[in-house]
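>
In the working numbering, the protein residues as written are 79 to 344.
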């Protein structure tokens, strides 16, 4: 996919194993390292999804945590224990999780400070969400840049900076505002979702794609779609209209809650 690379062998693999309010996890792998961003599925479910895309179960070099909400950490301890993988996590997020008695290896990171796992460099950066110390990630490996940005109520300037130049961008498009307003959630939950520490609406994401997206991404994955307050057709139409105004034509995919995305290879 990366036209600038001379190599014919595509050795970077990216797959959103699932995304939504019932579980989030993304695999990024090279020939030298395999990392899991978030572990929101049980070990059984995560392994079933890995097997379905032809990836081995376990064998992670790291599991990296964005924040402590259950849809991002449900399977964290069992997956880390089974793979004997270190958990990369901020101190505040670590302290916000009710851990059980399993032995764990923690590698504490600080937002704004990059670290490496094998040949994969991970740059965590702060995002506005109602969690202890929420972060999104920019990943750099073998000349490929990946942005993984979900669970944020608005898009600060530093987020726009961090996702510039991404070859693959995984970005939230959580809810349709009208569907949310008339939907089944209690009013206080609706207020939370719509707040500046909640989730991005389709409108907010379209505004970003229209006005701030640099068009560099060959692959755009819209993620964390609400099952109750959104619809894939609305998400796709909103994003396509925004991209047309910029004449940007990435391959666009919608991440699913129930099945993995295609494996994107660079």
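Each residue gets a CB set at the ideal place from its N, CA and C atoms; glycine is no exception. As the structure is a prediction and not an experimental result, all values here were calculated from the model.
Nearest to residue 286 by CA position, among 260, 105, 216, 251, is which residue?
251
> Just the Cα atoms here: how many angstroms apart are residue 231 and residue 272?
7 Å
> Quick one: using the 10 Å Cβ neighbour count with 16 as the cut-off for buried, is residue 254 buried or exposed?
buried
> Run the CB neighbour count on residue 318, radius 10 Å, all protein chains shown included, and call it buried at 16 or more, exposed below.
Around the beta carbon of residue 318, a 10 Å sphere encloses fewer than 16 other beta carbons of the protein chains shown; the residue is thus reported as exposed.
> Taking the straight line between their C-alpha atoms, what separation do you get for residue 306 and residue 260?
11 Å
> Give me the DSSP bridge partner(s) of residue 243.
Here residue 243 is not bridged, per DSSP, to any residue.
> So if DSSP puts residue 204 in a beta bridge, which residue, or which two residues, is it bridged to?
213
> Tell me whether residue 218 sits in a helix, a strand or coil according to DSSP, three-state version.
strand
> So the alpha helix (DSSP H) residue 92 belongs to, where does it begin and stop?
Per DSSP, residue 92 belongs to no alpha helix (DSSP H); it is in the beta strand (DSSP E), 91-96.
> Roughly how far, in whole angstroms, is the beta-carbon of residue 205 from the beta-carbon of residue 237, given that I think they are within contact range, below 8 Å?
6 Å
> Could you pull out every residue in the same chain whose Cβ sits closer than 7 Å to the Cβ of residue 163, ignoring the five residues on either side in sequence?
Excluding residues within five positions, the ones whose Cβ falls inside 7 Å are 138, 139, 140, 141.
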